[in-house]
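Report on one structure; see the data block that follows.
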Amino acid sequence: MSNTSPWNDLIGTPDQKHEEGIVVSDSHAEATHQPGLAHHFESYEQQKESSFLGMWLFLVQEVMFFGGIFCCYVIYRSLYGEAFAAASRELNVFIGALNTTVLLFSSFTMVVAVNAAKQGNRKWIVYGLLLTILFGGIFLGVKYFEYSAKWEHNLVPGPNFEWHGDDVGRPVEIFYCLYFGMTGMHALHMVVGIGIMLWMLRPAWRGKWTPENHNFVEGFGLYWHFVDIVWIFLFPFLYLIGLAT
Amino acid sequence: MRPEFSLFPEQASTIASKVDALYFFALGISAFFSLLIALVIFAFFIKFRRRRAGEVGAKTHESMALEIVWSVIPLIICMVLFVWGAIVFIDMRTMPDDATEYYATAKQWMWKFQHPEGQREINSLHIPVGEPIMLTMTSEDVIHSFFVPAFRVKQDVVPGRYTTVWFEADKVGTYHLFCTEYCGSHHAQMRGSVTVMEPDDYQAWLAGGGPVAAPQELGEALFTQHICNTCHFEDGTGRGPSLVGIFGSEVRGTDGSVRVVDDNYLRESILRPSAHVNEGYSQIMPTYQGQLSEVSLLQLIAYIKSISDSPSEESPAPAAVAANGE
Amino acid sequence: MSTQEFAFTPYPDLPKSHYLNVAYGLKSWLFTTDHKRIGILYLLSITFFFALGGLYATAIRLELLTPAGDMVQPDTYNRLFTMHGILMVFFFLVPSIPAVLGNFLLPLMIGAKDVAFPRLNLASWYMYMFGAGFTMYALFMGGVDTGWTFYTPFSSTYSNSYVAAVAVGIFINGFSSIFTGINFMVTIHRMRAPGMTWSRLPLFVWSHYATSLIMVLGTPVLAITIVLLAMERVFKLGFFDPALGGDPVLFQHLFWFYSHPAVYIMILPSMGVISEIIAAFSRKPIFGYKFVAFASMGIAILGFLVWGHHLFVSSQSLYAGLIFSILSMLVAVPSAVKVFNWTATLYKGSIEYSTPMFYALGFIGLFTIGGLTGLMLATIGIDVHVHDTYFVVAHFHYIMVGGALMGYLGGLHYWWPKITGRMYPGFWSHLSALIIFLGFNLTFFPQFVLGYLGMPRRYHSYPEEFQILHILSTAGASILAVGYIIPLVYFIWSLKYGEVAGDNPWDAVGLEWQTTSPPSLHNFDEIPVVDFEPYDYVEHEPVERPYRYSRSEA
């Protein structure tokens, strides 16, 4: 994050911006000689603040996106607490915890990459990204085995769904709908993230991101941490609720 | 049934005039403000038209007082509308205690009704005038909505739960019944009629169909057929709780929660017995999901209700008829 | 009236270099990141979908001429009104003003060279087109018959139409909204010219800020709801399936959590347009600028708290109904404040009779009726009777067509000379505004009466006593259709034959009028420094205009 929070501007005015020494140039377009500064921005500062504010807004919409499905979860769990607890006990807490750890590590390596970008250390940007990709891959691999185990145990909702546990009725199936819906959405975000990181490797190696201009790396870091945080919520909601009761 | 063209729907229930009074009030306010604004705009439009080129408007200063006035006046009007609307709505939703319960099951694309005396009808409902009628409704497939414009009542009919609506017709006649929640191909054909009859005519109509079994009698048969009676003994010594007097009572579950036994509770207990197991009993009852049609479910519940009613209310229909007989 | 005071001295020609002639060819359009060109791309696409949605509406109105339901099959009819709703809401009204006029004007109005994320802006248009592509696919395969509201379990289990394809289309299209919203918010925060303080922002920008807020907060909820619906349909994941204990009404809550605020996505930008037009043609600052600006924000925020008024009879609890009723009432207050302030702006103004002004005044009238009938719908005791009848249909058409669309057309007429550099014929534009106003009222006013009589919406056939009112409505619709075709013709005509408009044909203040018409590629030769208050018409020195467009044509 930059020192000036993007929200400062909610109370600030462009007058201040003007006084803060942002050059109001009459040049435009291709006349710029500053590498990595888009033509429509007046300064790196403006570009950076814009990109972070944009990223935060994107994350706000992500929160609302996941909020919808969490809302369903909350409502059904309050209606069918016991069925949810029973269904949750079928999930493997150890694997869930393992995946949580893996994902936390990936967030750490992401920070390594962002930090390297700030210092202009292109080697460590690449290493950080590679490690993050690796941990993200492990997470998805584990998830794959979890999913296939569910398939074998007929716990995938639909015509083949079978429930052998306590007779707590059909809401067990709703739990598994939500399980697949929520973890599926989360996994999709991971896949997109890994795809972007793979694309980032090349420009990172070529030194596209400099200490002055690495908004993309930092913005992506925010995204990756967000995906991590979603999992921090999913893990207890899905894996741990059965332990208490 | 071919009413003449009119600009206003008939009033045929006790609630209709209340809704209409509120409607006319709101309409009056709307018309007043629409016309006021239209007239003011028109007057300004003529009076302040540009008379010469290069003319500019007069400098006007914003006025806090004015802003407050035209914020507070709409707010007051809105609150009046809200309170009045809420009163009418609470009226619509508060079941009279003496309402006679009818049953409705909606499916694509028809309405199935059952009278408390057992008569069944499709797409038409006959009711006596001057008697509060309560409809307990559910759907076999998608969401439908029960709407009788002349009664000014409407209630969605939702699969998987019971919804209720009540009305008291106060005018003899035949009225439209519409499904107002879009439900697929023949949504527009899911229409029917509600026929309001004098009590005598209604009795004659009821008798005309030959002897039929009342829903609670059919429910009693189902109770035996599905061997409910092997666990739910009347004296409470069975493996399941006694169902006598259970409707309307409060039951405590094994998890300590207390719930009131109503239609939706009974429905849940039959379809998902584990949802709320009564204290002192264990969960041994199998689910009846998929084994009972919506109509059978309603009959079973009618039976359970009938053994919960006090004897004097057990057969409300004849008593009501006696009271209304002329 | 002295129109002769102004000599007829048309501009010799358009400026030498502007955004339209800096590059030619399809590629220069499909890969453009210029906000003005993206606005044009949107203009072309939404016009197409408006025309398509209009054709569906025509078919619906023709079918309803007779009570028997004898023109098309019931299934066809259900597809007609569904596609009409989907196309008009998601592919015309939601993007209309923000994506066309907003894209074009927002950077100009705040003195920026472009929006904050030009490539994201282009991506939003592609998202729109991909979404539209899926929807068109569904349409060609036979359409969808769920109604634009997709209520479960009908949409998830019972419908035999291409629900999943349309769901994907709307999901993708949602990103176009989200991208636009993010872009606008960041642009307004970060890209304002020096001196362009929040209290100097044109009200058009304020209303777009409020709109963007809804787009960013609301659209993702629709997205997840649509995803859940599609998963339920395709993978049989029963999120809302009553057979599993799921709650079909939960879908309605989630759907309206977006779709009610979406109404404000449609109407707020329109209100912004109206504020600009009224100030410009009364030659006065907007009365109570701050109140109008804050009313936009108030509507945006309160708009998120009222979704439950669509569920008064859905088996929602009595208390929820009462709470949503009182909250819905509150939205009426900022809306009323706006109407009163606009009216007060006219007072002691110098009102010019021009086409945009006709649309603006038409808007106020129709929006007032739409808003007041909305108040009646929020009154819970009345809503029970009129819910899901033609009363509701009439009400939301007064808001969406009488409000949003009138605003869009007014804005298009106001900024057309800025966008194209040319002027449309005055006579025809006056005439079409009048035809639209009359046709609209004839189409939709009878529907209020129909609704209170009890005519349910989405009915293919109906009882005979409703026929007279339906005939009136259809007659109005055919007048309305003529009203829409005329502007289409003269706008196209004006591209080649219209008079050259000049930089500021209305002698309006505001940064967008300080650049050339059409604007140059980077909007301004010099980033302007703003040292004047908004709508400073009274202090403003009138420029001697080359040509009066509003009255001299006659």
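Protein chains in written order, with the working numbering: chain A, 5 to 249; chain B, 6 to 331; chain C, 114 to 667.
All C-beta atoms in this analysis are idealised placements derived from N, C-alpha and C, irrespective of residue type, glycine included.
All values reported here derive from a predicted model rather than from experimental measurement.
Only residues of its own chain outside the window of five on either side were considered, and among them 173, 174, 175, 204, 329 have a CB closer than 8 Å to the CB of residue 135 of chain B, listed in chain order.
Burial of residue 38 of chain B is indicated by the presence of at least 16 other C-beta atoms within 10 angstroms of its C-beta. According to the DSSP assignment, residue 132 of chain B belongs to no alpha helix (DSSP H) but to the beta strand (DSSP E) extending over 129 to 133. For residue 296 of chain B, there are no C-beta contacts with chain A under 8 Å, since the nearest C-beta of that chain is about 14 Å from it.
According to the DSSP assignment, residue 107 of chain B belongs to the beta strand (DSSP E) that extends over 105 to 112. Residues of the segment 175 to 191 of chain C that bring their beta carbon within less than 7 Å of a beta carbon in chain B comprise 182, 187, 188, 191, in sequence order. Just so you know, the alpha carbons of residue 245 of chain B and residue 221 of chain B end up roughly 20 Å apart.
Annotation: Cβ neighbours of residue 338 of chain C in chain A (cutoff 8 Å, chain order): 72.
In the three-state reduction of the DSSP assignment, residue 472 of chain C falls in the helix class.
Scanning A/129, A/50, A/86 for the CA closest to the CA of residue 212 of chain A turns up A/129. Sequence-distant partners of residue 97 of chain B (beyond 5 residues in either direction) whose C-beta falls short of 7 Å from its own C-beta, in its chain, are 20, 158. Taking 9 Å as the CB threshold, residue 81 of chain A stays off the interface with chain B. Residues of chain A with a Cβ closer than 7 Å to the Cβ of residue 230 of chain C are, in chain order, 58. Ranked by Cα distance from residue 77 of chain A, the options A/193, A/217, A/176 are led by A/176.
Beta-bridge pairing by DSSP links residue 102 of chain B to no other residue. Residue C/614 holds the alpha-carbon nearest to the alpha-carbon of residue 530 of chain C among C/166, C/610, C/234, C/614. Cβ neighbours of residue 600 of chain C within its own chain (closer than 6 Å, five residues either side excluded): 545.
The segment 55 to 62 of chain A makes contact with the segment 206 to 225 of chain A, as at least three CB pairs between them are under 8 Å. Residue 356 of chain C has a beta carbon lying within less than 9 Å of a beta carbon in chain A. An exposed status is given to residue 215 of chain A, since fewer than 16 other beta-carbon atoms sit within 10 Å of its beta-carbon. In terms of beta-carbon proximity, residue 176 of chain B stays away from the interface with chain C, with every pair separated by 9 Å or more.
Membership of residue 304 of chain B in the alpha helix (DSSP H) is indicated by the continuous run 299 to 311. One alpha carbon belongs to residue 278 of chain C, the other to residue 362 of chain C, and they sit about 23 Å apart.
As the crow flies, the alpha-carbon of residue 182 of chain B is around 5 Å from that of residue 153 of chain B. Here residue 421 of chain C really is in contact with residue 429 of chain C; their C-beta atoms are around 6 Å apart, less than 8 Å. For residue 89 of chain A, no CB of chain B lies under 9 Å from its own CB, so it is not counted at the interface with that chain. Judged by beta-carbon spacing, residue 174 of chain C lies beyond the 9 Å limit of residue 502 of chain C, meaning their Cβ atoms are not closer than that value. Contact annotation: in the segment 558 to 580 of chain C, residues whose CB is within less than 9 Å of a CB in chain B are 562, 565, 566, 567, 568, 569, 570, 571, 572, 573, 574, 575, 576, 577, 578, 579, 580. Residue burial is scored here from C-beta neighbours: residue 186 of chain C has fewer than 16 other C-beta atoms within 10 angstroms and is therefore classed as exposed.
Chain order gives no chain A residues near residue 166 of chain B, where near means a beta carbon separation below 7 Å; the closest approach is about 12 Å. Taken atom to atom, the span from the alpha-carbon of residue 225 of chain C to that of residue 49 of chain A is near 16 Å. Annotation for residue 49 of chain A: the continuous alpha helix (DSSP H) segment containing it runs 48 to 83. Interface annotation, residue 174 of chain A: in contact with chain B, CB-CB separation under 9 Å. Listed by position along chain A, the residues whose Cβ is nearer than 7 Å to that of residue 298 of chain C are 61.
Rounded to the nearest angstrom, the gap between the Cα atoms of residue 246 of chain C and residue 166 of chain C is 15 Å. Counting along the chain, residue 604 of chain C sits inside no beta strand (DSSP E); it lies in the alpha helix (DSSP H) bounded by residues 580 to 610.
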